[in-house]
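Enquirer:
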Ligand code: UD1
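In the working numbering, the protein residues as written are 1216 to 1549.
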């Protein structure tokens, strides 16, 4: 039996693929390469030392997905495929609703048809919205997201809960990611944003590489340790290990379970810049600009539920994350 990994050529998906294979799972990747490259599949195969079946399909394509399910023995799905650019989702909300929601429904229908009962979903801490106190716990109310991208994550969570309610043999695990950074120790896979990065770490690594002149820090007047925004950065390899734990959980339980995947520790933008400089010896020129609309001052995860029920916790430090992000950036551009 195999795990279907949608978006398996993406930043997070590729690390999940490597980790699953290392833990003895058979993995089948589905990716349309709209925001990734087939080279990544070769890199995963290099890391794992074996071929990885990959379908270059859009998971909204129900005929293509049906063919995949007919050809492979899939007993679980980890669904990472999706559009993820917050700003674009505000400009083009229907593009996000059509793609992200349709993908989840199409996969669920294919699973239903083929008797596949385990669904692990790549959700986001963004579903906690702006009203909850920190740290975020899984039982807090969700859904007051500030953008269409976040709402697609929330709506899919709700759809999955309904699907699990309607079929008591089904198992759904919703994983709420905090801020994944870092890269595989091989430096063969990592984050490869298209164009100007929206997220902090790729902007930092591109600044260190001289591709960007100066890092813009979005506000230093937040009520935080040094005025800059605080997030819970988690190494992408720790995050990937959380998925292995979630698959184990899904094989032992039915119904819906929600888990935060974070470290439980907040780091400010300036603290991350300093940690990067320490870990890599590179200087990061920066200037403080205005706040970015929609940003929250500070949030991080309560990780106690994942520790207790998944028997998982993040192990890597901020320095590990910085070092590995930089190693990947250097491998990418020499
Ligand atoms: C963002 C999304 C979140 C999504 C995640 C994916 C928003 C509101 N949230 O999280 O929904 O799941 O990306 O990774 O967009 N910063 C700078 N300069 C930069 C970039 C970022 O100062 O050039 C700051 C931000 O203000 C923030 C922190 O760095 O305080 C982290 O930002 P980012 O990496 O974009 O992640 P989030 O905004 O937390």
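The C-beta atom is built at its ideal place from N, Cα and C for all residues, glycine as well.
Owing to the predicted nature of the structure, the values given are computational and were not obtained by experimental measurement.
Is any heavy atom in ligand 1 found nearer than 6 Å to the beta carbon of residue 1341?
Expert: Yes, ligand 1 has a heavy atom inside 6 Å of this Cβ.
Enquirer: Ends of the beta strand (DSSP E) at residue 1241?
Expert: Segment 1241-1245, the beta strand (DSSP E) holding residue 1241.
Enquirer: For residue 1422, which residues in the same chain have their Cβ closer than 6 Å to its Cβ, ignoring the five residues on either side in sequence?
Expert: Hits under 6 Å: 1430 and 1499.
Enquirer: Which of the three DSSP states is assigned to residue 1436 in this structure?
Expert: Residue 1436: coil per DSSP, three-state reduction.
Enquirer: Is residue 1394 near ligand 1, judged by its Cβ being under 6 Å from some heavy atom?
Expert: The answer is yes for residue 1394.
Enquirer: Just confirm the distance between the C-beta atoms of residue 1455 and residue 1525, as a whole number of angstroms; I'd bet it's less than 8 Å.
Expert: Actually they do not touch by this definition, with Cβ atoms about 13 Å apart.
Enquirer: Helix, strand or coil: how does DSSP classify residue 1470 here?
Expert: Of the three classes helix, strand and coil, the one that applies to residue 1470 here is strand, per DSSP.
Enquirer: On the criterion of 16 or more Cβ atoms from any shown chain inside 10 Å, does residue 1475 qualify as buried, or is it exposed?
Expert: Looking at its Cβ environment, which holds 16 or more other Cβ atoms inside 10 Å, residue 1475 is buried.
Enquirer: Spell out a yes or no on whether the segment 1441-1452 and the segment 1388-1406 are touching, meaning 3 or more CB-CB pairs, one atom from each, closer than 8 Å.
Expert: Contact holds: three or more Cβ-Cβ distances are below 8 Å.
Enquirer: For the alpha helix (DSSP H) holding residue 1252, just list the boundary residues, first then last.
Expert: Note, residue 1252: premise wrong, no alpha helix (DSSP H); not H, not E.
Enquirer: Please classify residue 1309 as buried or exposed, where buried requires at least 16 other C-beta atoms within 10 Å of its C-beta.
Expert: Exposed, since its Cβ has fewer than 16 Cβ neighbours within 10 Å.
Enquirer: Is the distance from the Cβ of residue 1447 to the Cβ of residue 1516 below 7 Å?
Expert: In this structure, residue 1516 lies closer than 7 Å to residue 1447 by Cβ.
Enquirer: Please state the DSSP three-state secondary structure of residue 1334.
Expert: Three-state DSSP puts residue 1334 in a strand.
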